[in-house]
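In order, the protein sequences belong to chains A and B.
Under the working numbering, the first sequence has 396 at position 260, and the numbering climbs by one with no breaks.
Under the working numbering, the second sequence has 948 at position 57, and the numbering climbs by one with no breaks.
So the structure is just underneath, and the comments pick up after that.
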Amino acid sequence: MAETSVKVDNVYMMFNLSKNKQTSLKEYVIDMVKGNLFFDEFWALENVSFELKRGESMGLVGVNGSGKSTLLRLIAGIMEPTYGTIYTKGTIAPLIALGGGFEPTLSARENVYLNGAMHGHSTEFMRKRFDDIISFAELEEFVDVPIKNFSSGMLARLGFSIATSVHADIVIADEVLSVGDARFRKKCETRIANLLKEGTTVLYVSHNVNSVVKMCKKALWLEKGRVIQNGNARDVCIAYKRYIEEQTRLAKEAQEIKNEKA
Amino acid sequence: MTKNKALYEFMEYLPFLKELVKRDFKMKYYKSFLGVLWTLLNPLILATIMTIIFSTLFKRSIEYYPIYNISGHLILTFFVTATKQSLSSVYHHAGVFRKFKVPQYMYCLSNVTIAFITLLFSSVPMLILALVLGMPLHFTMLLFPLPIILAFIFTMGCSLILAAYGVFFRDLSHLYGILTYALNFLTPIFYPIEIIPVEYRFVWDFNPLYLYIRILREVFIYNTIPNEKTLLVATCYAILTLALGILVFKEKRSKFYNYL
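Written out as structure tokens, the structure is:
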């Protein structure tokens, strides 16, 4: 059980947020002539390190823009870190892309294969799981209907069903439990719980601190791309919640002072 | 990225390429009115128009003018369609690359493949027309795959380069539109090379597309086997361009995330 599953080592991630980022050749040439080619660096992650053993689960908490999703995308291999290394062992199921990459004019059937291929699965592989995917998404009647006619709930169900149909060693979940209606959400939760049974490593992002405590043993608190606290999920979440309450109170007070002055 | 890792990645996403090609093929041929028929008619219609306009002008210098025209048109259209689509292929699918690990060049590969399939379909009317016009058939015609495979490799290289730079410079497609328009005239498709003054002809000789078109015409119309020098130059163009394309794409790829 002591096998390392995910190891994030001194990871830095930089984005270029330059306001006059050149996306046209014309502008590029003009700016080059003017000597104006500067770059506005934005560090989405700074010096982030942690390690997860096989079967461990970790929740990521932090306000919007704290770098949670960037970290997940780095671990999923969608982007590469500017500095530092990321090591993962085994197959990864990134539940980040739910409903992404669908082709509106194709039928549900064709989209299952296309989406599966985007996850790197062969046609054979998907064929074996096809019935299961469709029945879980409850779309049996609509298999050959172009998905442009689907409701957003149907699309989300299909996306979730495809992404979770595969057994993976590492599951990366970014706010996935906001799929469909209450009944389907229940079904999703059961499915995720099943996914997590046999020694799966989990990385989980949610704004719902309670669900992090419920689902994860560990938690990592990110703030402006830096690790504030890393440890037991309960402790981290309590500290984080306190911080948020404090921030809300301060904001409220500031507003009151403003109102009094006005 | 090491060689093995890149190859592994390519193999892993080969099914994806298959699905993409299948999808595009379906959209183009099943789900469109006329479908394959359009692909077959398109070169015929163009060749007819060109023949009506130019055949009296070049009657003496060009034998089987419609075939001469179609053969050039086939390769140029393939090149232009494939590269134009590839140019925008990476940034058009930014949404996919933000969420999936899919290698960005896969869309490029699929565009070139689809254009190539269209090229193969479009060569059927060329053969039919040759029979109708009573052009003698000969064994060198069997060498027909050679120029189009070379054109395929060359086009793939160009597409990769354009796709990589297309991410950084979104106005490249306008610029490239002008270039391809000029290419219509800079490649001898509807006129014989002899009308170009000798002192400028070296410019035409530099055009790799003309090289492939020339080889195609030699084996298909003129019953000749192209000489070694032509073949060597044509092969070098193709392989070097592909190698350059791979290098450029690999180099630029790590910077894509900032622009997608």
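Each residue gets a CB set at the ideal place from its N, CA and C atoms; glycine is no exception.
Small disclaimer: the values here were computed from a predicted structure and weren't measured.
Where does residue i fall in DSSP's three states?
i                       : result
residue 1032 of chain B : helix
residue 342 of chain A  : coil
residue 327 of chain A  : helix
residue 195 of chain A  : strand
residue 310 of chain A  : strand
residue 169 of chain A  : helix
residue 1057 of chain B : helix
residue 963 of chain B  : helix
residue 141 of chain A  : strand
residue 368 of chain A  : strand
residue 1114 of chain B : coil
residue 84 of chain A   : Since the first residue of chain A shown is 137 and the last is 398, residue 84 of chain A is not available in this structure.
residue 177 of chain A  : strand
What does residue i touch in chain E if you count any residue whose Cβ is under 8 angstroms from its own?
i                      : result
residue 211 of chain A : The structure shown contains no chain E; its protein chains are A and B.
Just how far apart, CA to CA, sit residue i and residue j?
i                       : j                       : result
residue 1009 of chain B : residue 1089 of chain B : 35 angstroms
residue 929 of chain B  : residue 328 of chain A  : 49 angstroms
residue 358 of chain A  : residue 151 of chain A  : 17 angstroms
residue 275 of chain A  : residue 331 of chain A  : 22 angstroms
residue 176 of chain A  : residue 960 of chain B  : 53 angstroms
residue 1134 of chain B : residue 1141 of chain B : 11 angstroms
residue 1073 of chain B : residue 1062 of chain B : 18 angstroms
residue 342 of chain A  : residue 297 of chain A  : 19 angstroms
residue 997 of chain B  : residue 907 of chain B  : 8 angstroms
residue 1147 of chain B : residue 1059 of chain B : 8 angstroms
residue 951 of chain B  : residue 1068 of chain B : 33 angstroms
residue 180 of chain A  : residue 167 of chain A  : 26 angstroms
residue 1013 of chain B : residue 267 of chain A  : 39 angstroms
residue 295 of chain A  : residue 985 of chain B  : 18 angstroms
residue 288 of chain A  : residue 320 of chain A  : 13 angstroms
residue 1126 of chain B : residue 366 of chain A  : 58 angstroms
residue 395 of chain A  : residue 388 of chain A  : 10 angstroms
CB-CB under 8 angstroms to residue i, same chain, minus the five flanking residues each way: which ones, in chain order?
i                      : result
residue 352 of chain A : 193, 194, 195, 338, 340 and 369
residue 141 of chain A : 188, 189, 190, 191, 192, 224, 225, 226, 305, 306 and 337
residue 237 of chain A : 250, 251 and 254
residue 208 of chain A : 196, 230, 232, 308, 310, 339 and 341
residue 178 of chain A : 150, 151, 152 and 153
What residues in its chain sit with their C-beta under 6 angstroms from that of residue i, if we drop five residues either side in the sequence?
i                       : result
residue 920 of chain B  : 926 and 927
residue 362 of chain A  : 182
residue 1109 of chain B : 1115 and 1117
residue 1052 of chain B : 1136 and 1139
Got a sec? Which residues, its chain only, sit under 7 angstroms from residue i by beta carbon, not counting five neighbours each side?
i                      : result
residue 269 of chain A : 248, 297, 298 and 301
residue 987 of chain B : 993
residue 239 of chain A : 247 and 250
residue 335 of chain A : 190 and 191
Closer than 8 angstroms, Cβ to any Cβ of chain A: which residues of the region 1107-1127 of chain B, in chain order?
Residues of the region 1107-1127 of chain B with a Cβ closer than 8 angstroms to any Cβ of chain A: none.
The region 1087-1104 of chain B touching the region 1035-1043 of chain B, judged by at least three CB pairs closer than 8 angstroms
Touching, yes, given that three or more Cβ pairs across the two stretches are closer than 8 angstroms.
How do the region 935-949 of chain B and the region 978-987 of chain B stand: do at least 3 beta-carbon pairs fall below 8 angstroms, yes or no?
Counting Cβ pairs under 8 angstroms, fewer than three are found: no touch.
Given a limit of 8 angstroms on CB to CB distance, which residues of the region 1134-1151 of chain B reach chain A?
Here the close residues are 1145, 1148, 1149 and 1150.
Give, in chain order, every residue of the region 231-244 of chain A whose Cβ lies closer than 7 angstroms to some Cβ of chain B.
Under the 7 angstroms Cβ criterion, the region 231-244 of chain A contributes 232, 233, 236, 237, 239, 241 and 242.
Do the region 209-216 of chain A and the region 257-273 of chain A touch if we need at least three Cβ pairs shorter than 8 angstroms?
Using a C-beta cut-off of 8 angstroms, the region 209-216 of chain A makes no contact with the region 257-273 of chain A, since fewer than three inter-stretch Cβ pairs fall below that distance.
What residues in the region 275-290 of chain A bring their beta carbon closer than 9 angstroms to a beta carbon of chain B?
Hits within the stretch: zero.
When you check each C-beta in the region 1058-1082 of chain B against every C-beta of chain A, which residues fall closer than 8 angstroms?
Going along the region 1058-1082 of chain B in chain order, one finds 1059, 1060, 1061, 1062, 1063 and 1066 with a Cβ nearer than 8 angstroms to chain A.
Between the region 227-246 of chain A and the region 279-292 of chain A, are three or more C-beta pairs nearer than 8 angstroms?
These segments touch.
Proximal residues, the region 986-1000 of chain B versus chain A, C-beta separation under 9 angstroms
Result list: 986, 987, 988, 989, 990, 991, 992 and 993.
Does the region 1075-1085 of chain B touch the region 1021-1038 of chain B, meaning 3 or more C-beta pairs lie closer than 8 angstroms?
Of all C-beta pairs linking the region 1021-1038 of chain B to the region 1075-1085 of chain B, fewer than three are shorter than 8 angstroms, placing the two stretches out of contact.
How about the region 1002-1019 of chain B and the region 962-974 of chain B: do they share at least three Cβ pairs that are nearer than 8 angstroms?
Yes, the region 1002-1019 of chain B touches the region 962-974 of chain B.
Against chain A: residues of the region 901-915 of chain B by CB proximity under 9 angstroms:
Residues 903, 904, 905, 906, 907, 908, 909, 910, 911, 913 and 914.
Is the region 373-383 of chain A touching the region 201-209 of chain A in the sense that three or more CB pairs, one from each, lie closer than 8 angstroms?
These segments do not touch.
Cβ-based contacts, 9 angstroms cut-off: residues of the region 1001-1022 of chain B near chain A:
Under the 9 angstroms Cβ criterion, the region 1001-1022 of chain B contributes no residue.
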